[in-house]
């Protein structure tokens, strides 16, 4: 086998599974001439695995794009790479392992970003001895550990949102043209002198009203499904809930709904304010619509250890048992004018924060949404890298 064929065979094995690559072979190619090294570096950029080659002091000599994305950092000369990791568990892991590494380390580290993520970290010590260099591979196992049913459901949802979002966008162009031409038609009708003028003006007015209504629907849909990047800040969840209640209180009073709240003064953790605000507005609005004749809305929040628990309960008409498994699905609704998107975005917001949501309901007695959220209080450095779908 020629030298070139050997190199290609090596790179092919490396791209399939770094863990199975012979370390001596890797060492030989790292020490090879510049074109071989450049080929290796180029291939590493294509891997989904995060790859780092670091010195005995933790200084980065090589880091591929997947490692940058997973760890959310860039190499800084003259310092250990873990100093920029503000996730305490991950920082402590690298610091402890690399300062006393003598044999291979293979460990799965759980981090919150703020979703729970599982990173398989494999440290290959001393792949080079003079000077000492260590090889680190990082694999994000999060999605592979999800149940297949959930993975398929999320893929279908993402495809559906992309399809409908594109369709809504395309509808906007002919709507604009229709609106423009209806205005021209309206001006032409004003010049008519006979008795048909009033009838035609009424007809054009109906057309314009319906165009505006459809345009409003399309704009609201695009606004709702266009997901902005997650922006996590250390904020007080209790304050967000109180702000939402101030906005919703007139509607609660109008529908004769009594409010019972039990909320600590402060429940602070890293959260996305827009997602949380939208979550509570959706759930409270649903409760209002479920109690057209009045009732009681109870909101209970508690924090214990590293977890917050939220309960939002109404005494409304409840949800049919056969509908319960579907309420978080896109476009599923039992309301005459419902979009079927509100609870789907509630579920998505909870998922984005690494939490869980359950619902209990009984016809004629009411519904209770129970949510748990991890209280992430250290500055997040492990970035959310899942595909960004459209959303609220």
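Residue numbers (our numbering): 252 to 643.
Using N, Cα and C, we set each Cβ at its ideal position, and we do this for glycine too.
Predicted, not measured: the structure shown is a model, and the values here were computed from it.
When the options are compared against residue i, the one with the closest alpha-carbon
| i | options | result |
| --- | --- | --- |
| residue 437 | 292, 323, 451 and 372 | 451 |
| residue 311 | 333, 515, 427 and 298 | 333 |
| residue 330 | 387, 309 and 391 | 309 |
| residue 575 | 618, 624, 606 and 484 | 618 |
| residue 421 | 318, 382, 469 and 549 | 469 |
| residue 549 | 315, 513, 305 and 543 | 513 |
| residue 499 | 564, 539, 324 and 377 | 539 |
| residue 594 | 532, 564, 446 and 557 | 532 |
| residue 373 | 382, 383 and 355 | 355 |
| residue 464 | 299, 562, 560 and 423 | 423 |
| residue 571 | 616, 555 and 562 | 616 |
| residue 375 | 387, 382 and 383 | 387 |
| residue 562 | 580, 607 and 519 | 607 |
Coil, strand or helix - residue i by DSSP
| i | result |
| --- | --- |
| residue 565 | strand |
| residue 334 | helix |
| residue 454 | helix |
| residue 442 | coil |
| residue 552 | strand |
| residue 506 | coil |
| residue 321 | helix |
| residue 546 | strand |
| residue 434 | helix |
| residue 373 | strand |
| residue 511 | strand |
| residue 449 | helix |
| residue 292 | helix |
| residue 594 | helix |
| residue 572 | coil |
| residue 351 | coil |
| residue 531 | helix |
| residue 494 | helix |
| residue 469 | helix |
Cross-strand partners of residue i (DSSP beta bridge)
| i | result |
| --- | --- |
| residue 610 | 620 |
| residue 311 | 305 |
| residue 483 | 523 |
| residue 605 | Its beta-bridge partners do not exist; DSSP assigns none. |
| residue 625 | 558 |
| residue 386 | 304 and 375 |
| residue 362 | 368 |
| residue 357 | 373 |
| residue 391 | 370 |
Inter-residue CB distance, residue i and residue j (contact presumed, cutoff 8 Å)
| i | j | result |
| --- | --- | --- |
| residue 508 | residue 545 | 6 Å |
| residue 462 | residue 433 | 6 Å |
| residue 521 | residue 627 | 5 Å |
| residue 492 | residue 552 | 7 Å |
| residue 620 | residue 503 | In fact, because the Cβ distance is near 17 Å, the residues do not count as touching under 8 Å. |
| residue 536 | residue 625 | Not quite, the Cβ-Cβ distance comes to about 26 Å (not below 8 Å), so this is no contact. |
| residue 603 | residue 526 | 6 Å |
| residue 371 | residue 349 | Not quite, the Cβ-Cβ distance comes to about 17 Å (not below 8 Å), so this is no contact. |
| residue 318 | residue 303 | 5 Å |
| residue 530 | residue 597 | 5 Å |
Buried versus exposed call for residue i [16 or more other C-beta atoms within 10 Å across all chains shown]
| i | result |
| --- | --- |
| residue 361 | exposed |
| residue 353 | exposed |
| residue 351 | exposed |
| residue 296 | exposed |
| residue 315 | buried |
| residue 542 | buried |
| residue 564 | buried |
| residue 385 | buried |
| residue 447 | exposed |
| residue 343 | exposed |
| residue 293 | exposed |
Chain D within 8 Å of residue i, Cβ atoms only
| i | result |
| --- | --- |
| residue 613 | Absent here is chain D; the protein component of the structure consists of one chain. |
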